[in-house]
Ligand SMILES: [Zn+2]
Ligand SMILES: [Zn+2]
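Residue numbers (this note's numbering): 2 to 224.
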């Protein structure tokens with residue numbers, strides 16, 4: 002077994018990527034005070050119930066809860082190692098970090114089934130796994146893989162913000178051969194990072210158009 006010697010953050014000897022002391026510095030969003038009722042983002046002084054993003058637009062999902070701030074330096078680095086460098090150890094650590102927050106928040110949703118945002122075939126091939134599904138498996142959450150994703154033509158990060166929404170249409174589709182009837186079902190949709198909410202919004206639209214009763218979303222991290 003490969004044993005790493007030092008915490009990537011503070012450099013002390015550690016058998017895991019990040020030492021206990023640094024891991025304990027990571028604070029969940031639930032400790033951040035007042036958050037947007039729609040998307041879970043911590044609110045600025047002048048924002049009342051909703052953040053600026055949510056007061057200006059309509060989402061198909063009812064509510065999003067995010068667990069940890071993506072702006073946290075330690076989270077960001079662990080996510081980068083996991084998603085972009087494919088370091089599974091980092092994914093395992095992330096699943097441990099979010100475990101308690103995940104289950105205490107999931108309890109507050111009413112749902113019939115849980116699904117997650119799919120990876121494209123290209124990134125599945127490249128990375129070998131879907132990072133959201135990977136973490137959910139580590140948390141031993143029962144999920145249904147309801148959705149597929151078209152081939153990537155451009156990375157979302159390469160698009161301007163206003164291009165993303167247009168681009169995202171037609172990216173996702175419902176897998177019809179799975180034998181799961183979503184009609185009149187309450188669905189909890191899970192993704193790793195909430196940025197603009199466009200992906201979750203588009204998938205929620207598809208699920209609702211196919212008869213789902215309502216959609217709530219949960220994301221591990223909030224950008
Ligand atoms: Zn450390
Ligand atoms: Zn919001």
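Glycine included, each C-beta is placed from N, C-alpha and C at the ideal position.
In the DSSP assignment, find the unbroken beta strand (DSSP E) run with residue i in it and report its ends.
i	result
residue 173	173-175
residue 148	148-150
Buried or exposed: residue i, going by 16 or more other Cβ atoms within 10 Å of its Cβ?
i	result
residue 177	exposed
residue 135	buried
residue 39	buried
residue 102	buried
residue 120	buried
residue 49	exposed
residue 204	buried
residue 11	exposed
residue 108	exposed
residue 122	exposed
residue 211	exposed
residue 146	exposed
Run through DSSP, which three-state label would residue i get?
i	result
residue 67	strand
residue 115	strand
residue 200	helix
residue 62	coil
residue 47	coil
residue 19	coil
residue 80	helix
residue 54	helix
May I have the straight-line CA-CA distance separating residue i from residue j, to the nearest angstrom?
i	j	result
residue 76	residue 171	31 Å
residue 67	residue 99	10 Å
residue 6	residue 86	19 Å
residue 97	residue 152	31 Å
residue 36	residue 138	28 Å
residue 64	residue 124	28 Å
residue 188	residue 168	24 Å
Hey, could you find the ends of the alpha helix (DSSP H) residue i is sitting in?
i	result
residue 139	132-139
residue 129	First-last for residue 129: undefined, no H or E at that position.
residue 187	Counting along the chain, residue 187 falls outside any alpha helix (DSSP H), though it belongs to the beta strand (DSSP E) covering 187-195.
residue 92	89-107
Quickly, what does DSSP pair residue i with across the bridge? List them, please.
i	result
residue 218	65, 190
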